Each structure stands twice: as C-alpha cells, then as structure tokens.
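Take a look at the structure set out below.
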Amino acid sequence: MTGSSQVPISMPVTGNQPDERKKPGGGVFLGGPLSAMLLSLCFLEHDGILERTIPWFSLIPLFISMDRHRRNLKWRLAHGLFFGLILYCWPLVSWNEPANLATMWTSLLMMGSWMLFCAAGGALLRYPSRLTVVPGLAILWTGLEFLRSECISVSVPWMQLGQTLKPENPEGQFAAVIGLAGLGFAICLVNGAFFLTLRERRSRVQFFAALAGTGAVVGLLISGGLVGSRAQRLEQPPRETLRVGLVQTGSGGGNSGHLKLARQLLSSEPQLVFFPGNAFIPAPGKSSIPAELEVFAREEEVMLVAGMSLDPGGKSKKSRALLYIASGGRPGELVHSETLEILTKEDQSILAVSDRVSHSACQLNRLAAGGARLFLVAGDSAPDEMKYDLLRNRLHAFRALETGISICRTTSTGSSSIVNHTGSCKVTAPRNQTWAMVSSVPLLDPQPGGTCFVKGGWIIGPGCLLLLAILVLFELYTLRKKSNASRNTGRQDNTRPS
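Just so it is clear: in the sequence shown, position 46 is 50 by our numbering, and no numbers are missing.
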C-alpha cells in the first residue's frame, strides 16, 4: 500500500467489562427495605438466637446497595428513604393500632438522617482503600445518630442502632463501658467487616475481614458478660433502699384520682410516692401547689414527687413543672424546669427529670457525675406516646446501664416501669390501665468517678461527630482544590497559541 495510511477505527467495547453508568439490574434496590425489616425483627419480645444474631449482619444488604449505586445519588437517596420509612412506621402498627404518623417535621427528620447516611456513604465507598471504607461508615452512622438523638429531641426515642441489642444480654451489658452510641459503632463496624468479605475477591482479604468481624462479636460477648457479672455483684444486697410507690391512673383521673390511688399504697408503707408528668393541675387562676397535696404529705408522712401542668387543658408541654413535697407537709418546691434535685445526703441526690432529659445520654451522664443516686422520670401522658413505650423502655434500660443508676418512670396512659442499674426491668405496669405499686429501689453509693461510660466512654458519640465534621471539611477542601486546578488548566489551554 502506497500513498495511503490506515487509521485504526475505534470499536465499541465488548465483553463483560463493568460500566458504572449502566443502570444496575437485579434485586439490588431491595437492600434498604431488607435491612430495615431485619432490624425491626430485633424488637420482638421473643429472645432467641435469631434475634441476637440479626444485628451483626442486618446492614449488609444496605451496604451492598449503596456500593452498587455509589455513582448514582438518586438511587442511594431512595435506599435511605425506604429504609427510614420501614423503621419509622413499624412501631406505630406493631400493637394492631391504626397507623398514625407523627408530625411531618418529625417524619422528615427521621427520613432525612438515613437518606443523608446513604448519600454520604456512597461517596465513602468510592475510595479504593479498604481501611477507609469500614471505619468511615461506622463514624458516619454514629456521628449522624448522635446528632439526631442529642440535638433533635423530637427524634427520640426512635431507633438507635445499639437498641437492636437487648440490655439484659451480655453484648448489651457492655453499654456500661461504651454506651449506646458505642454499641451502634461496634455493630456498624462488624457489618462493614462482613460486607468487605463479600465485596472483595482476594481470599486473604476475605479471610481477615471475616476473622475481624467474628472476633469483634466474640470479644464483645465475653467483655459484656464480665461487666454484667461485676455489676450484679455490686452491693448485693444493697446497703440502702428506697420504697417508691408508682401511681398510674390509666386515662387521667385528675387530682382526686391520683390521690385516691396513692392512699391505696399506704398499707405498703412507701417512703416516696411518684406521680406522672401531668398528674396535677392547679386551681383556676393560680400556679401554686394544690393544697390537698401538702395536706396528704403532712398527714401520711410521705414524700411526694410529681409533674404539674400549669396549662388548664394540660396539653402544652412547655407549661409543665416538677414539684416536690417533703414528708411532714413542709413547704413544697415547684420548679419550672425539666430537672428537680432532691437532696438526700451531702453531694448525693435523687433527681426528678422529664422524658426529654431521660432520653439524652449527655444530660444523664452529667447528672450522674454530680452524685445522683436515683432518677425519677415524670413521663409524658399523651395518647400517641403509648406507641413508643417499647422503644422508650429499652432506651431507659440502656441509660441505667450507662450511668449505673436505677430509673423509675411513671405515666398516666403509657407503661410505668422501674429499671435497676443492671438494665433489667423490675416492674412493668400494664399499658393504659389504672395501676399502683410499691417497690424497693436500691440506692447504690456512687462509684468513684462513676461507671466506665461516665468516666470516658461517653466520648464515642461526640468524637464520631467531630471526626465526621473534619472529614466533611477535608472533602470540601479537596473538591475546591480540584476545581481551582481544573480552572487553571482550562485558562492555560485557552492562552496557548494554536
């Protein structure tokens, strides 16, 4: 061939080479809903090997879907949306009651946090380093969960990942060291390790990832068992107890109804009678303690702790107050706050708190470090609050484990309960029924420095949030640097002579 040259023609790529722009097929889209359904099974009352095993692999379908769609933001947001919808709605229908979503604001917050996790998690999965992916996903999950649970009160007691474990089991007992946020971090790490086993093709990586995940679960079981056995041996029997009477009036009952139930407890000789958060309403035009309460405390020689609604309708939570009347009818104390301190000894106290305070690990940690010996939670009594009792009771069990302090909660329409310092429920009232009971609650002497969680385990949640903020700032800096570099390259090409 002379005078001519052959130019190779570009042929289309054939074969089975991956194309990330291609729309993924198969059942990958079911990853988000499948993970949510698996996590929902962990809240069944039956405590079998399946319910204890599910948390350690339940996030793998979600991670697989996020990895498959790591270049497609819309699909990742869809995974997060359906994942959140199932987790958010299941408590509302789990008692055969009509599905009744809470406010749109709460719904958006709940869905948004998991959608944000899927969106940001897909960006993490683009990194080639395997050492970045697994801890990065755990930090992302824990940081977002801590932000939602501590800073947005309406999103609690909705599911935190650590709540999929039962507090009475060995793995749940380790919350006394690393807290509920730390348990969620560990669960996410283990799921990430098993996900890496399925994602990687090299047998060495698969082996060590599976070994790390299995070793973490076994180590958590052994460590939790040791921590739980030590807590059960602590002051057995306790040197000091307080006989607490809980009053639950079903659908309300008013001032007279609560006092009538309280009088039925007097034969059991309670030292303190505890009423719900909206038990009493002051007389019209007054915001003082009802006179009948002071008369009751003076005549029966018993301490009274209760919540009081300053709103005549009793519906506004902002108008709630806490009151305390010492035995003998001495002048009572009424505080327009969510925390009321009842001194028992020097630097030791019983604390009455609202539901919102009891949900916060940071606030209870601070109060426990101040010498608290018992938490009395004046529960909200709105009818829709009953739907969250299972989640709230488990959350309070973990809060008792974290602080090493027993928690008593009473409510009018929900389920009153007493949880001891080991996270086991001593007393549980029937839901939405008139009920009253006296039980001895141990008042343990505060441990030097508090539990391991109070000493330093609480740092895991805020630490993950701080690391997440640093990672976000670093990613933004990197993107800006790349954008400036590409802009400078474009300018140089335009000024280059043709």
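Glycine included, C-beta positions come from ideal geometry on N, C-alpha and C.
Computed from a prediction, not measured in an experiment: that's the story for all the values here.
Fill in: Reference Leu380, options Trp145, Gly374, Leu344, Arg398, closest by Cα
On the sequence shown, position 376 is the one that residue 380 refers to. It is Leu344 whose Cα lies nearest to the Cα of Leu380.
Discussion item. Could you pull the DSSP bridge partners for Arg247 from this structure?
Written reply: In the sequence shown, the residue the question calls residue 247 occupies position 243. Ser444.
Worksheet item: What is the residue span of the beta strand (DSSP E) that Leu378 lies within?
Response: Position 374 of the sequence shown, counted from the start, is the residue given in the question as residue 378. Looking at the DSSP string, the run of the beta strand (DSSP E) that includes Leu378 is 376-382.
Worksheet item: Nearest CA to the CA of Leu447: which residue from Gly427, Glu342, Arg247, Ser364?
Response: Residue numbering aside, residue 447 sits at position 443 when the sequence shown is read from its first letter. Of the listed residues, the one whose Cα sits closest to Leu447 is Arg247.
Fill in: Residue(s) in a DSSP beta bridge with Ser410
By 1-based counting over the sequence shown, the position of residue 410 is 406. Residue pairing of Ser410 in beta bridges, as defined by DSSP: Leu378.
Discussion item. With a threshold of 8 Å, are at least 3 pairs of Cβ atoms found where one atom belongs to the region 359-373 and the other to the region 118-131?
Written reply: The region 359-373 makes no contact with the region 118-131; the number of CB pairs closer than 8 Å stays below 3.
Practice prompt. Counting only the same chain and skipping the five closest in sequence on each side, list residues whose C-beta sits under 7 Å from that of Ser487.
Written response: In the sequence shown, the residue the question calls residue 487 occupies position 483. Correct list: empty, nothing qualifies.
Worksheet item: For Ala382 versus Gly249, is the C-beta distance shorter than 8 Å?
Response: Locating residue 382 in the sequence shown gives position 378, where the first residue counts as 1. Locating residue 249 in the sequence shown gives position 245, where the first residue counts as 1. It is not a contact, given that the beta carbons lie outside the stated cut-off.
Fill in: Coil, strand or helix - Val283 by DSSP
Within the sequence shown, residue 283 is the residue found at index 279, counting from 1. The displayed chain sequence assigns Ala, not Val, to residue 283. In the structure shown, Ala283 sits in coil (DSSP, three-state: anything other than H, G, I, E or B).
Worksheet entry | Pair within 8 Å by beta-carbon distance, Gly281 and Ser353 | Start at 1 with the first residue of the sequence shown, and residue 281 comes out as number 277. Start at 1 with the first residue of the sequence shown, and residue 353 comes out as number 349. Not closer than 8 Å, so no.
Worksheet entry | Residue environment, Asn424, which counts as buried when at least 16 other CB atoms sit within 10 Å | Within the sequence shown, the letter at position 420 stands for residue 424. Counting of Cβ neighbours within 10 angstroms places Asn424 among the buried residues, the total reaching 16 or more.
Practice prompt. May I have the straight-line CA-CA distance separating Gln517 from Phe67, to the nearest angstrom?
Written response: Summary: the structure shown does not reach residue 517, with the chain confined to residues 5 through 502, and so no result is reported for it.
Worksheet item: Nearest-angstrom Cα distance between Glu298 and Phe279?
Response: Translated into the one-based positions of the sequence shown, residue 298 becomes position 294. Translated into the one-based positions of the sequence shown, residue 279 becomes position 275. Going by the C-alpha atoms only, they are around 14 Å apart.
Discussion item. Please report the distance separating the alpha-carbon of Pro139 from that of Ala185.
Written reply: Translated into positions along the sequence shown, residue 139 becomes position 135. Translated into positions along the sequence shown, residue 185 becomes position 181. Going from the Cα of Pro139 to the Cα of Ala185 covers about 14 Å.
Fill in: Distance between beta carbons of Gly183 and Phe457, contact taken as under 8 Å
By 1-based counting over the sequence shown, the position of residue 457 is 453. By 1-based counting over the sequence shown, the position of residue 183 is 179. At roughly 5 Å, the Cβ-Cβ gap stays under 8 Å, so Phe457 and Gly183 are in contact.
Discussion item. Using 8 Å as the threshold, is the C-beta distance between Val306 and Pro274 below it?
Written reply: Numbered from 1 along the sequence shown, position 302 holds the residue referred to as residue 306. Numbered from 1 along the sequence shown, position 270 holds the residue referred to as residue 274. Contact check for Val306 against Pro274 passes: the beta carbons are separated by less than 8 Å.
Item to complete: Could you check the C-alpha separation between Gly375 and Arg396 for me, to the nearest Å?
Response: Within the sequence shown, numbered from 1, the residue matching residue 375 stands at position 371. Within the sequence shown, numbered from 1, the residue matching residue 396 stands at position 392. A direct Cα-to-Cα measurement between Gly375 and Arg396 gives close to 24 Å.
Worksheet item: Which first and last residues belong to the beta strand (DSSP E) in which Arg324 is found?
Response: To locate residue 324, count along the sequence shown from 1; it is residue 320. Run containing Arg324: 324-329, per the beta strand (DSSP E) assignment.
Worksheet item: Can you tell me whether Thr493 is buried or exposed, with buried defined as 16 or more other CB within 10 angstroms of its CB?
Response: As a first step, residue 493 is located in the sequence shown; it is residue number 489 there, counting from the start. By the neighbour-count rule (16 or more Cβ atoms within 10 Å), Thr493 is not buried but exposed.
Worksheet item: How long is the line joining the alpha carbons of Leu141 and Leu327, rounded to whole angstroms?
Response: The count along the sequence shown starts at 1 and reaches residue 141 at position 137. The count along the sequence shown starts at 1 and reaches residue 327 at position 323. Looking at the two C-alpha atoms, the distance is approximately 45 Å.
Worksheet item: Given that a residue counts as buried once 16 or more other Cβ atoms are within 10 Å of its Cβ, and exposed if not, what is Val137?
Response: Along the sequence shown, read from residue 1 onward, the residue named residue 137 stands at position 133. By the C-beta density criterion, Val137 is buried, having at least 16 other C-beta atoms within 10 angstroms.
Worksheet item: Can you give the Cα-Cα distance for Leu48 and Glu55, rounded to whole angstroms?
Response: Looking up residue 48 in the sequence shown gives position 44. Looking up residue 55 in the sequence shown gives position 51. Each residue's Cα considered, the two are about 8 Å apart.
Worksheet item: For Leu448, is the beta carbon positioned less than 7 Å from some heavy atom of the ligand GTP?
Response: In terms of ligand content, the structure shown is empty, and the ligand GTP therefore cannot be addressed.
Worksheet item: Which of helix, strand or coil does DSSP assign to Gln437?
Response: Your numbering for residue 437 matches position 433 in the sequence shown. Coil at Gln437, not helix or strand.
Item to complete: Give the DSSP-derived three-state secondary structure of Ser14 in the structure shown.
Response: Position 10 of the sequence shown, counting from 1, holds the residue named residue 14. Any reading at Ser14 must be qualified, since the residue scores a pLDDT of 43, below 50, and its modelled position is unreliable; the value itself is stated next. Reduced to three states, the DSSP call for Ser14 is coil.
Worksheet item: Could you give the C-beta distance for Leu77 and Ala123, rounded to a whole number, given that I count them as a contact under 8 Å?
Response: Taking the first residue of the sequence shown as position 1, residue 77 is located at position 73. Taking the first residue of the sequence shown as position 1, residue 123 is located at position 119. At roughly 6 Å, the Cβ-Cβ gap stays under 8 Å, so Leu77 and Ala123 are in contact.
Practice prompt. Compare the Cα-Cα distances from Asn195 to each of Ala213, Ser207, Arg484 and report the closest residue.
Written response: Translated into positions along the sequence shown, residue 195 becomes position 191. Cα-wise, what sits closest to Asn195 is Ala213.
Worksheet item: How long is the line joining the alpha carbons of Ser421 and Ala127, rounded to whole angstroms?
Response: Here residue 421 corresponds to residue number 417 of the sequence shown, with the count starting at 1. Here residue 127 corresponds to residue number 123 of the sequence shown, with the count starting at 1. Between the alpha carbons of Ser421 and Ala127 lies a gap of roughly 44 Å.
Practice prompt. Along the beta strand (DSSP E) that carries Gly311, what are the first and last residues, could you check?
Written response: On the sequence shown, position 307 is the one that residue 311 refers to. 307-313 is the extent of the beta strand (DSSP E) around Gly311.
Worksheet item: How is Leu77 classed by DSSP in three states: helix, strand or coil?
Response: Residue 77 sits at position 73 when you count from the first residue of the sequence shown. Of the three classes helix, strand and coil, the one that applies to Leu77 here is helix, per DSSP.
Item to complete: Measure from the alpha carbon of Leu399 to the alpha carbon of each residue in Leu42, Ser117, Leu169, then state which is nearest.
Response: Indexing the sequence shown from 1 puts residue 399 at position 395. Nearest of Leu42, Ser117, Leu169 to Leu399, Cα basis: Leu169.
Worksheet item: What are the residues that DSSP puts in a beta bridge with Phe278?
Response: If you number the sequence shown from 1, residue 278 lands on position 274. Its beta-bridge partners are Leu250, Val309.
Practice prompt. Please go through the same chain and pick out, in chain order, the residues whose beta-carbon is closer than 6 Å to the beta-carbon of Val277, but skip the five residues on each side of it.
Written response: Counted from its first residue, the sequence shown places residue 277 at position 273. Same-chain partners within the cutoff: Gly249, Ala266, Val306, Leu308.
Practice prompt. With Thr426 as the anchor, note down where its alpha helix (DSSP H) starts and where it stops.
Written response: Looking up residue 426 in the sequence shown gives position 422. Counting along the chain, no alpha helix (DSSP H) covers Thr426, and no H or E run does either.
Worksheet item: Considering only C-alpha positions, which residue in the set Val431, Gly229, Gly418 is nearest to Ser410?
Response: Along the sequence shown, read from residue 1 onward, the residue named residue 410 stands at position 406. Restricting attention to Val431, Gly229, Gly418, the CA atom closest to the CA of Ser410 is found in Val431.
Item to complete: Could you tell me the boundaries of the beta strand (DSSP E) in which Glu337 lies?
Response: Position 333 of the sequence shown, counted from the first residue, corresponds to residue 337. Counted as a single uninterrupted DSSP element, the beta strand (DSSP E) harbouring Glu337 occupies residues 337-339.
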